[in-house]
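S.K.: Below is a structure I'd like to ask you about.
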Amino acid sequence: MAVGQPSAVSKAVVVITNMTESIRQHELERSTQSNSIEWRGEEFYKYFSVESVVGRGRFSLVKQAFCRMTGRSYAVKCFSRHQDAQRIDKSDVEREIQTLNHLRHSSIVQAFGAFQTTHEYIVVLQWIPGPSVLEFVCHLGHYTEEMMLEFAKDLLEGLNYLHDFNFAHLDIKPENLLIDPSNSTARLIIVDLGSARQCDGNPQTLFWQGGSAEFAAPEQVAGLMASTASDIWAFGVFLYTFVSGTSAFLDESFDASCSNIVKGDFYFPKKLFHGVCGLLKDLIAQCLKINTCERFTTKQCLESYWINASPSTEELSTMKLEEYLERRKYEISKCDDIIPL
Numbered sequence: 001m002a003v004g005q006p007s008a009v010s011k012a013v014v015v016i017t018n019m020t021e022s023i024r025q026h027e028l029e030r031s032t033q034s035n036s037i038e039w040r041g042e043e044f045y046k047y048f049s050v051e052s053v054v055g056r057g058r059f060s061l062v063k064q065a066f067c068r069m070t071g072r073s074y075a076v077k078c079f080s081r082h083q084d085a086q087r088i089d090k091s092d093v094e095r096e097i098q099t100l101n102h103l104r105h106s107s108i109v110q111a112f113g114a115f116q117t118t119h120e121y122i123v124v125l126q127w128i129p130g131p132s133v134l135e136f137v138c139h140l141g142h143y144t145e146e147m148m149l150e151f152a153k154d155l156l157e158g159l160n161y162l163h164d165f166n167f168a169h170l171d172i173k174p175e176n177l178l179i180d181p182s183n184s185t186a187r188l189i190i191v192d193l194g195s196a197r198q199c200d201g202n203p204q205t206l207f208w209q210g211g212s213a214e215f216a217a218p219e220q221v222a223g224l225m226a227s228t229a230s231d232i233w234a235f236g237v238f239l240y241t242f243v244s245g246t247s248a249f250l251d252e253s254f255d256a257s258c259s260n261i262v263k264g265d266f267y268f269p270k271k272l273f274h275g276v277c278g279l280l281k282d283l284i285a286q287c288l289k290i291n292t293c294e295r296f297t298t299k300q301c302l303e304s305y306w307i308n309a310s311p312s313t314e315e316l317s318t319m320k321l322e323e324y325l326e327r328r329k330y331e332i333s334k335c336d337d338i339i340p341l
């Protein structure tokens with residue numbers, strides 16, 4: 001369920017503006033509702049103690065940080081400003097903050113502010129203590145269709161919220177789906193909105209270029225304009241992987257994988273899908289339509305028979321998922337992932 005409604009999207013980039021007195025949680029949350037543009041500076045290190053690296057992207061490092069005053073944990077996304085490093089334009093960082101600022105949903109990571117130091121742009125984000133969703137279930141050693149359905153609902157509700165306001169995430173993949181186990185029920189949270197765009201009809205903001213195409217939609221691989229429907233395709237690929245421990249379109253080469261995606265060439269091997277609910281396979285198939293107009297929307301997915309069925313509680317082995325994760329980590333280490341233009 002959404003925890004609020006976004007304000008009208010403006011060009012403002014919202015950062016922490018009241019940190020001289022305190023950076024208690026409620027003040028951070030209030031600061032993200034302002035429309036002022038104010039990048040804070042070197043005082044970042046006065047307020048935060050930065051610890052270990054917890055994630056890496058093409059242009060950024062994500063680290064765990066602690067507020068010196070409150071002891072609260074935050075994730076800080078750090079973009080290098082060095083000339084000799086792979087850099088991102090400040091405007092791209094601002095766009096990501098702007099996007100996050102206008103979204104308030106329990107399945108979407110929250111941003112609390114931004115700092116510009118001599119060496120880095122730093123975005124302060126909600127700390128999510130859990131691993132990625134597939135790592136989470138592998139750590140458990142087993143999972144059930146019921147668990148898979150609950151995480152699928154979390155993802156769909158977050159995407160539905162984004163899509164209601166004409167935002168497309170455009171980088172849905174297992175690494176961007178983290179689990180927050182801090183409540184009684186673990187919840188999936190969508191992170192990394194660096195590729196997210198408003199679908200305003202401007203093709204230059206929605207193209208995809210190169211990298212790992214595993215979760216990219218046919219229109220992205222073909223160099224056509226992406227949309228919210230591209231997220232539905234990625235959701236379908238994610239479900240396929242979750243239930244089978246394999247990739248729907250991955251082939252022996254990058255070109256072959258892209259060809260499979262563009263042609264929508266996939267099937268449900270009996271060995272891997274034996275005993276899998278037919279309603280789940282039907283939902284996956286509805287998400288993996290080549291024609292974007294024929295794909296289910298998030299609302300149709302949420303209304304689908306599988307999402308509203310009584311799922312099986314039979315324990316499933318994580319062996320294939322563990323093999324998939326090892327292969328996925330190796331593939332990511334070899335090439336850059338999907339990046340925005």
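Under full-length UniProt numbering, the first residue of the sequence shown is numbered 1, with each subsequent residue one higher. The beta carbon of each residue, even a glycine, is placed where N, CA and C say it ideally should be.
#1: Whose C-beta lies closer than 8 Å to the C-beta of Ile23 among residues of the same chain, with five residues either side of it excluded?
#2: Can you find the residues in the same chain that come closer than 8 Å, C-beta to C-beta, to Met251, ignoring five residues on each side of it along the sequence?
#3: Quick check on Leu140: buried or exposed, where buried means 16 or more other Cβ atoms within 10 Å of its Cβ?
#4: Where does Leu288 fall in DSSP's three states?
#5: Which value, in whole angstroms, describes the spacing of the CA atoms of Ser49 and Ala65?
#6: Can you give me the start and stop residues for the beta strand (DSSP E) that Arg56 sits inside?
#7: How is Gln64 classed by DSSP in three states: helix, strand or coil?
#8: Tell me the rounded alpha-carbon separation between Phe296 and Leu283.
#9: Return the CA-CA distance between Ser333 and Ser106, expressed in angstroms with no decimal places.
#10: Please classify Lys173: does DSSP put it in a helix, a strand, or coil?
#11: Leaving out five residues on either side along the sequence, give the residues of the same chain with a beta carbon under 6 Å from the beta carbon of Ala217.
#12: Within its chain, find whatever has a CB closer than 8 Å to the CB of Val221; leave out the 5 residues flanking it on each side and keep chain order.
#13: Does the separation of the CB atoms of Leu149 and Pro311 fall below 8 Å?
#14: Measure the alpha-carbon distance for Glu94 versus Met147 and round it to whole angstroms.
#15: On the CB-based measure, 16 or more other CB atoms within 10 Å of its CB, does Val53 come out buried or exposed?
#16: Considering Cα atoms alone, identify which of Asp200, Ser132, Ile189 is closest to Cys167.
#17: With a CB to CB cut of under 6 Å and the five nearest residues on each side skipped, what residues in its chain are close to Leu159?
#18: Measuring alpha carbon to alpha carbon, tell me which residue in Leu178, Ser91, Cys301 is nearest Glu135.
#19: By DSSP, does Val133 sit in helix, in strand, or in coil?
#20: Can you give me the Cβ contacts of Asn176 inside the same chain, cut-off strictly under 6 Å, excluding the 5 residues immediately before and after it?
#21: Short check: CB of Ile307 to CB of Ile189, under 8 Å?
#22: Using the Cβ count rule (16 or more neighbours within 10 Å means buried), how would you classify Leu341?
#23: Between Glu96 and the rest of its own chain, which residues show a CB-CB distance below 6 Å, the 5 nearest in sequence each way excluded?
#24: Please classify Thr228 as buried or exposed, where buried requires at least 16 neighbouring CB atoms within 10 angstroms.
#25: I'd like the span of the beta strand (DSSP E) that includes Ile108, first residue to last.
#26: For Val124, list the residues DSSP reports as bridge partners.
M.R.: In brief:
#1: With a pLDDT of only 43 at Ile23, under the threshold of 50, the placement of this residue in the model should not be trusted; the figure read from the coordinates follows. So the list reads Ile16, Tyr47, Cys67, Met69, Thr70, once near-sequence residues are dropped.
#2: According to the sequence as given, residue 251 is Asp; it is not Met. Correct list, in chain order: Ser257, Ser259, Asn260.
#3: Burial call: exposed.
#4: Reduced to three states, the DSSP call for Leu288 is coil.
#5: Rounded to whole angstroms, Ser49 to Ala65 spans 5 Å at the Cα level.
#6: Membership of Arg56 in the beta strand (DSSP E) is indicated by the continuous run 48-56.
#7: Of the three classes helix, strand and coil, the one that applies to Gln64 here is strand, per DSSP.
#8: Between Phe296 and Leu283, the alpha-carbon positions lie close to 8 Å from each other.
#9: Using only the alpha carbons, I get a separation of about 31 Å.
#10: Residue state, collapsed to three classes: coil.
#11: Non-local beta-carbon contacts of Ala217 in its own chain, meaning distances under 6 Å to residues more than five positions away in sequence, involve Ser230, Trp233 in chain order.
#12: Exclusion of the five residues before and after Val221 leaves Trp208, Ala213, Cys258, Ile261, Val262 as the residues of its chain whose Cβ lies within less than 8 Å of its Cβ.
#13: A contact, by the Cβ cut-off of 8 Å.
#14: C-alpha separation (whole angstroms): 36 Å.
#15: Val53 is exposed by the Cβ-count criterion.
#16: The sequence shown places Phe at residue 167, rather than the Cys named in the question. When the alpha-carbon of Phe167 is set against those of Asp200, Ser132, Ile189, the nearest one is in Asp200.
#17: Within the same chain, Cβ atoms closer than 6 Å to the Cβ of Leu159 are found at Asp231, Thr298, the five residues on either side in sequence being excluded.
#18: It is Leu178.
#19: Of the three classes helix, strand and coil, the one that applies to Val133 here is helix, per DSSP.
#20: Correct list, in chain order: Val191, Asp192.
#21: For the pair Ile307 and Ile189, the CB atoms are not nearer than the 8 Å cut-off.
#22: Residue confidence for Leu341 is low, a pLDDT of 25 falling below 50, so the modelled location carries little weight and cannot support an answer.
#23: Here the set comprises Leu193, Gly194.
#24: So Thr228 ends up on the buried side.
#25: Taken as a continuous stretch (DSSP letters only), Ile108 belongs to no beta strand (DSSP E), as it is neither H nor E.
#26: According to DSSP, Val124 bridges with Val76, Gly113.
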